[in-house]
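First the structure, in the form of structure tokens, and then the observations on it.
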Amino acid sequence: MPTPNTPLALRETFRCSGDQFDAMLQFAQERGLEQQPFWSVILEWGRVVTLARSLNLIREDPPQ
208 MPTPNTPLAL
218 RETFRCSGDQ
228 FDAMLQFAQE
238 RGLEQQPFWS
248 VILEWGRVVT
258 LARSLNLIRE
268 DPPQ
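Residues 208 to 271, numbered by the working numbering, are exactly what the sequence shown covers, in order.
What follows is the structure, encoded as structure tokens:
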């Protein structure tokens, strides 16, 4: 059984694909959010994606 803060445990908890999870981890590392709770990283990820879509900076969905 994975320990609570391992990538495998987080991936299972948030039920995301490997590619999507890896993208969120990279996002956290690029912004210095590694020590933040993962739910906080997800909220920031969603905020940035929503803003980028509203500015037509991205047209595709993040990895599923």
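Quick reminder that beta carbons are idealized off the backbone N, C-alpha and C, glycines included.
Cutoff 8 Å; reference residue i; Cβ partners in own chain excluding five residues on either side
i      : result
LEU240 : PHE234, SER247, VAL248, GLU251
ARG238 : GLU251
Reduced DSSP secondary structure (H/G/I, E/B, other) of residue i
i      : result
PHE245 : helix
LEU250 : helix
GLY239 : coil
LEU258 : helix
LEU232 : helix
Same chain, Cβ closer than 7 Å to residue i, five either side skipped, listed in chain order
i      : result
ARG260 : none
ARG254 : none
Proximal residues to residue i (C-beta, below 6 Å), its chain only, five neighbours per side dropped
i      : result
ILE265 : ALA259
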